[in-house]
Every structure is written in C-alpha cells, then in structure tokens.
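Below is one structure, written out as structure tokens; comments come after it.
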Amino acid sequence: MRNDRVAAVVVTYNRLPMLQKCIEKLVGQTEPCDILVVNNASTDGTAEWLAEYEAKSSRLHARNTGANLGGAGGFNYGMRWAVEAGYGCLWLMDDDCLPEPDALEKLLEADVLLGGEYGWLSSVALWTDGSVCNMNLQRKTPYRDIDGFVSPLTPSVMASFVSLFLRSETVAEFGLPIKEFFIWSDDWEYTRRISLKKPCYVAADSRVIHAMKSNTVVNIATDAPERLERYRYFYRNDVYLYRREGLRGWLWLIAKDCWHSAHVIRKGRLKRLPIIWKGFASGIAFSPVAEHLPYTKP
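Structure follows, in structure tokens:
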C-alpha cells in the first residue's frame with residue numbers, strides 16, 4: 212500500500228516571527244501534513260516557542276540540532292528524521308516560505324498524475340509583490356532558467372528547497388543533501404543529482420511566497436560586508452556541482468567567476484576577489500560523500 216503521509220520539513224535559524232507565519236500557512240493547508248521543524252540552535256526564543264506549540268499540537272514536532280548546521284546540514288538532518296519516522300512524502304522549505312492554502316494539494320495532484328514516476332516536484336516561488344522570486348527560478352538546463360510556466364508540469368533540472376516535494380523512496384535511492392556544503396548550492400546539487408536519472412518538474416499550480424527582504428539574486432560585488440564570509444561556500448560548492456557536467460561545466464564555471472570578478476573590479480572592491488578564486492580553488496579538491504539511509508518501503 213502506498214504511503215502518502217506528508218512531512219513538511221522546515222529548517223529555521225533565528226527568524227522566529229517568520230517561522231510562525233510559515234507554520235500558520237502549513238497548518239492551514241487544504242491537505243494535511245505533519246510539520247517537522249529543524250531548529251539550527253536559534254538563540255531568539257525559537258526553541259521555547261516551539262516547545263509550547265508542540266505541547267498543544269499533535270502535528271508539529273521540533274528538534275534542536277545543538278549547533279548551526281547551515282541550510283545544508285539542516286535539510287540533511289530533517290530529511291533523515293522524516294524518512295526514519297516513516298513518512299512517505301517530504302515537503303521541504305525554509306522558514307521564510309509561505310505556501311498558498313492549496314500548495315500541497317496541487318503537489319499531491321501532480322504526484323498522482325505522474326503515477327509517482329518522477330524525481331521531484333517544485334512549486335512556483337513568488338516574491339511578496341506577486342512577481343516571480345528571482346532567487347528561486349528553476350533551471351531548464353544547468354545553465355538557463357525556466358522562462359515561463361505555460362503548462363501545469365514544466366520539466367526542470369534544478370530547483371531550490373523553497374517548496375520541494377519528493378518521495379522517501381527517492382531519498383533512499385539518491386541519498387541526503389551534502390551537509391558539508393553548509394549554505395548555498397546544496398539544493399541545486401541535490402536536485403541535479405536526481406534529475407540526471409529521473410524526470411523532474413515544476414508544478415505550476417502549486418505556489419508559495421518566498422518572503423525575502425528583496426527580490427534579488429546573490430551578488431558578491433554589492434552584498435553587505437557581514438555576509439561576505441558565506442560566499443566562500445558559494446564558489447566552492449558551485450565547483451563541486453558543475454564539474455560533474457564535464458567540459459561545458461568547467462567552462463561555465465570559469466566564465467561565471469570571471470564575470471563576477473569583473474563586477475567586483477568595477478565596484479572598486481578588489482579585496483573581494485580572493486573570496487571568488489580561493490573558493491574556486493578549494494572546490495577543485497572538495498569531495499564530500501553523500502550519505503545514504505537504510506530504507507524499507509512501507
């Protein structure tokens with residue numbers, strides 16, 4: 212018998228007001244799901260609020276990782292938890308993801324329509340003003356964004372963890388996100404790992420709001436100084452991801468990092484250049500191993 216129990220896996224870190232909105236949207240879904248909150252050792256009262264909520268609700272469960280594992284480590288932790296707890300389906304999202312009431316219902320409809328013959332499904336992510344969220348545009352190739360959702364199911368090869376739906380059997384087959392990525396590109400790597408072997412889709416009728424502060428993509432040339440440290444992960448992780456694409460992947464990496472370097476030079480922020488190229492260099496030798504879970508289909 213097919214197991215359709217859904218676990219919404221939410222990773223959070225020091226954004227309690229946003230997490231509260233996310234949980235409110237999950238509780239209000241037209242199709243029910245349990246909510247597994249991975250708390251990356253928040254220090255803003257998140258743990259206390261979650262404990263109070265969990266005591267009153269049978270649908271929310273929370274665990275504190277004890278340290279900030281980053282997005283990659285958080286999703287690794289949460290997906291392992293969901294599979295080991297016996298859920299048949301996983302619905303992944305950050306704490307600033309606000310699903311429309313029927314977002315899960317539309318994902319489940321797509322699952323039925325495809326007969327389970329897919330790797331993953333991704334929702335359309337909108338920004339707070341209703342425009343497409345640039346950070347979460349899915350890719351139709353490893354190098355090009357999807358340029359429109361003209362059919363209910365649009366083929367895709369890469370997607371973010373802002374509303375990604377997949378079955379536990381898929382996690383068992385392809386393993387967990389690579390926790391050593393810590394932040395950035397862990398979702399691209401994971402979804403590409405799967406799309407190399409299975410067809411994957413954007414379910415256009417499933418929509419979420421990604422409540423980012425601004426509708427922008429990452430940009431080392433203009434980002435705030437306090438955020439620069441995380442870019443070393445971005446450039447390192449991208450090398451791991453794109454080197455699997457062969458010569459074209461390497462050429463794309465070099466062209467991208469040269470383009471980013473040109474932007475940094477034009478902005479007169481030369482001290483940021485080493486972040487790009489040290490990240491690139493460290494990515495060449497970066498060889499983490501994806502973890503796999505023992506799994507018995509219910």
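Counting in our numbering, the sequence shown runs from 212 upward without gaps.
Ideal Cβ positions, reconstructed from N, Cα and C, are used throughout, including at glycine.
- Positions of the alpha helix (DSSP H) runs, each at least 4 residues long and wholly inside the stretch 396–425, are given as 397–406 in order along the chain.
- Between the alpha carbons of R355 and W292 lies a distance of about 33 Å.
- At the C-beta level, L375 and L319 stay beyond 7 Å of one another.
- Considering only C233, P353, G359, the residue with the shortest C-alpha distance to E456 is P353.
- An exposed status is given to P228, since fewer than 16 other beta-carbon atoms sit within 10 Å of its beta-carbon.
- Within its own chain, the residues whose Cβ lies closer than 8 Å to the Cβ of D215, once the five positions on either side in sequence are excluded, are G299, C300, L319, listed in chain order.
- Close CB contacts of Y444 within its chain, under the 7 Å cut and outside five residues either way in sequence, are with F392, F393, I394, W395 (chain order).
- When C-alpha distances from V419 are compared across V222, K408, C233, the shortest belongs to C233.
- Under the rule that a run must span 4 or more residues, the alpha helix (DSSP H) segments found entirely inside the stretch 312–361 read 314–324.
- Linking L271 to E263 through their CA atoms gives a straight-line distance of about 11 Å.
- Counting of Cβ neighbours within 10 angstroms places H421 among the buried residues, the total reaching 16 or more.
- Each of P410, D245, D255 was checked against the Cα of G327, and the nearest Cα belongs to P410.
- Closest option to I405, judged by alpha-carbon separation, among L452, P363, D416: L452.
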